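Encoded as structure tokens, the structure appears first; notes follow it.
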Amino acid sequence: MPFSSSQQSSHYDAIVVGASFAGLSFASVAATLGMRVLVLERDSKVGGIVRTTGVLFSDVLDFLDVPDRYLMNAVRRIHMQPPDHAPLEISSSAYRFYMADVTGMLRWMAEQAQEHGATIRCDTMFLDATQNANGQMNVEVSQLSVPGKLSTLSTNILIGADGTRSRVARCMGLEQNTRYLAGAEWLLEGIPLDRETFYLIMNHELAPGYCLWLAPHGEIAAMGVAGHSRTFNPTTSLRKAQELFREVVDMSQARVIERKAGIIPTGGRLRHVYRHDKLGHALLLGDAAGLCGAATGGGIYPALISGRLAAHAVANEVMNATSGSIQAYLHNISQAGRLGHYLRIEDWLRLALDNMKSDADVSMLYGLFASPEGHKILQSALLETPIIGMDSSFFSLLRSLLSKHPRIYRSAFQAVWQRVIASNKA
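Residue 5 is where the sequence shown starts when you use the working numbering, and the numbers rise one by one after that.
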């Protein structure tokens, strides 16, 4: 059935919920391929509220030409302090990752998407979606600046790039993240921090399952913490962190200029992130799909890859009527840029971290990395091996190292088996 002019004005080939790295990456490529794309962003402006530290692997530069002005600090050194253990430090002559200006980078990506033909509508909240009699998706939205103003749009497919607690996933009956870390970060002035060093403190009480960090952030510093939600108080941990980081930097003149918080998905890649049936047509990307490093929280790289590749698949399915294109994307995404190996290694490390029950366990684990073999693996993983180089042999080395901590190794295998059983029952 052809659309009238008024219907055409509110109909899109794809509506993307979330002007995130995944959402904007998808929108830019999809628009370039000729799709009519609308991006809905709840905030009043793109990048208005940032909930990520902005660690950007150099691998991203292989497929996205990020302007230098958004790469604030090039990091080549990591200083780690485990409990009751001498500090561990690794370094590299080559830059492995950057501290990115996330707000600036997102706005630049939004401009790129608009130049390619995508429409971005800020201050707009996604409410619900249902399939109409024509097989299209009716998408209900609210304009937040005008209380009570609702409108209905239509689309061939709904893209959920709306983060860990995806409303699209919930509305469309898709799988949702159930495992995550809670995090908080303070931006600080007045700290004479080394501009190329990332400082980490492992402390089970203050950061259960993760760590505290102090990182360069342009001319200021970012001090943060993450851990299992409901098992610690992020604000209390950050206050105590100021004392702990005095061991490596003068914190006496530190002044908090901004506070932010968020959650990090750690349950691994979700299985049921797509549907095309009588209930509707929808696909999840990025954090919403569980595409995030479960151990380190690195989500920008998977978000950008999933967004770009999904755009090609969706364009083929929607524009060319090539049935099975999106299913093929979901089957093959793990092979792109060794993403599958990277996520699998992260999942294994997450299982090890989740089985840390005390500072003694944390100290024992990082004691393994203090050995010559462990130091080599740590150096390779964090500073030398690009994600595309993370293959099964690297995974075997990591597993061999962790097997020297029998309790953690055994618990990790039990956790893997429990997840396999749970997945098979789903």
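All C-beta atoms, glycine included, are put in the ideal place defined by N, C-alpha and C.
Keep in mind the model is a prediction, meaning the values are calculated, not measured.
Skipping 5 residues on each side, what residues in its chain have a beta carbon closer than 6 Å to that of residue 338?
Hits under 6 Å: 344.
When every heavy atom of the ligand ATP is checked, does at least one fall within less than 7 Å of the C-beta of residue 83?
You won't find the ligand ATP in this model; it holds no ligand whatsoever.
Looking only at C-alpha atoms, which of 103, 234, 33, 356 sits nearest to residue 72?
Among 103, 234, 33, 356, the Cα nearest to that of residue 72 is on 103.
What does residue 142 pair with, by DSSP beta-bridge criteria?
The partner list for residue 142 (beta bridge, DSSP) reads 134, 158.
Helix, strand or coil, according to DSSP, for residue 64 in the structure here?
Correct three-state label for residue 64: helix.
In the DSSP assignment, find the unbroken alpha helix (DSSP H) run with residue 19 in it and report its ends.
Premise fails: residue 19 lies in the beta strand (DSSP E), 15 to 21, not in any alpha helix (DSSP H).
Please classify residue 431: does DSSP put it in a helix, a strand, or coil?
Past the edges of the chain, shown from 5 to 430, lies residue 431, and the structure says nothing about it.
Taking the alpha-carbon of residue 252 as reference, which of 203, 244, 37, 272 has the nearest alpha-carbon?
Closest option to residue 252, Cα to Cα, is 203.
Since residue 220 sits in a beta bridge, which residues does DSSP pair it with?
In DSSP, residue 220 forms a bridge with 225.
So the candidates are 213, 155, 389; which of them puts its Cα closest to the Cα of residue 96?
The shortest C-alpha separation from residue 96 is found at 389.
Three Cβ pairs or more, each shorter than 8 Å: is that satisfied between the segment 145 to 162 and the segment 271 to 288?
In short, these stretches touch, since the Cβ pair count reaches three.
I think residue 33 touches residue 315, with their Cβ atoms under 8 Å apart; what is that distance to the nearest whole Å?
Contact holds; Cβ gap of about 4 Å.
Could you tell me which residues DSSP puts in a beta bridge with residue 190?
227, 263.
Tell whether a beta-carbon distance below 8 Å holds between residue 52 and residue 176.
Cβ distance not < 8 Å, so residue 52 and residue 176 don't count as in contact.
What residues in its chain sit with their C-beta under 8 Å from that of residue 379, if we drop five residues either side in the sequence?
Once the five neighbours on either side are set aside, the close Cβ partners of residue 379 are 92, 94, 373.
Along the chain, where does the alpha helix (DSSP H) that runs through residue 293 open and close?
It is not in any alpha helix (DSSP H) - residue 293 carries neither H nor E in the DSSP assignment.
How many angstroms separate the CA atom of residue 127 from the CA atom of residue 54?
Their Cα atoms are separated by approximately 15 Å.
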